[in-house]
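A short write-up of the structure that comes next.
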Amino acid sequence: MKRLLFISLAILFLCAVMVNAAEMEKMKIAVASGDKTAQVSVSNEAAKCPYYLIFDSKGKLTEVIDNPYKNASGGAGPSAANFLAQKGVTIVVAESFGSKMINTLKDNGIAHFGFKGSVDDAVKRTLEGRQ
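Heads up: the sequence shown runs through residues 2 to 132, numbered per the numbering used here.
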């Protein structure tokens, strides 16, 4: 009986590890930025930043996206959140977020992370928190 319980727990543990590994592979981090390089500071506005730098689950910069809503006069937060969802983003990092953007991110199953510092450090911290 104890052996069966041990084997069952071991199988559940392995399944959880495999699911977590699969989620990590799908991770796509968008960091709000004022420039196209990872050495700059994270933008203070998630919705109206000039660029989103996209990183994979290993912290590699894979894409730089111009934010089409950076000059929007209204509705920038929800529009930017939906735009990032269409790009397959799973986590958004910025210094600050508006409540409408947060709600739209949540509706799309996207996590958000407030961070003040360099883009490189934000990605490292995000990856550390997700492992």
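Ideal Cβ positions, reconstructed from N, Cα and C, are used throughout, including at glycine.
Item, Value
"Quick one: residues in its chain with C-beta nearer than 7 angstroms to the C-beta of Ala86, no 5 flanking neighbours on either side, listed in chain order?", "Asn109 and Ile111"
"Smallest Cα separation from Asp122: which of Ile103, Lys61, Glu46 and Gly76?", "Lys61"
"According to DSSP, is Ala73 part of a helix, a strand, or is it coil?", "coil"
"Here's the rule I'm using: 16 or more other beta-carbon atoms within 10 Å means buried, otherwise exposed. How should Asn72 be labelled?", "exposed"
"By DSSP's criteria, Val90 is part of a beta bridge. Which residues make up the other side?", "According to DSSP, Val90 bridges with nothing at all."
"DSSP state of Phe84, grouped into three classes?", "helix"
"Cα-Cα, which of Asn83, Gly115 and Ala82 is closest to Glu96?", "Gly115"
"Taking the straight line between their C-alpha atoms, what separation do you get for Leu54 and Lys117?", "15 angstroms"
"Nearest by alpha-carbon distance to Cys50: which of Ser42, Lys29 and Val124 is it?", "Ser42"
"Is Ala47 helix, strand or coil when you go by DSSP?", "coil"
"Take Lys107 as the anchor and find which of Leu128, Ala82 and Ser119 has the nearest alpha-carbon.", "Ala82"
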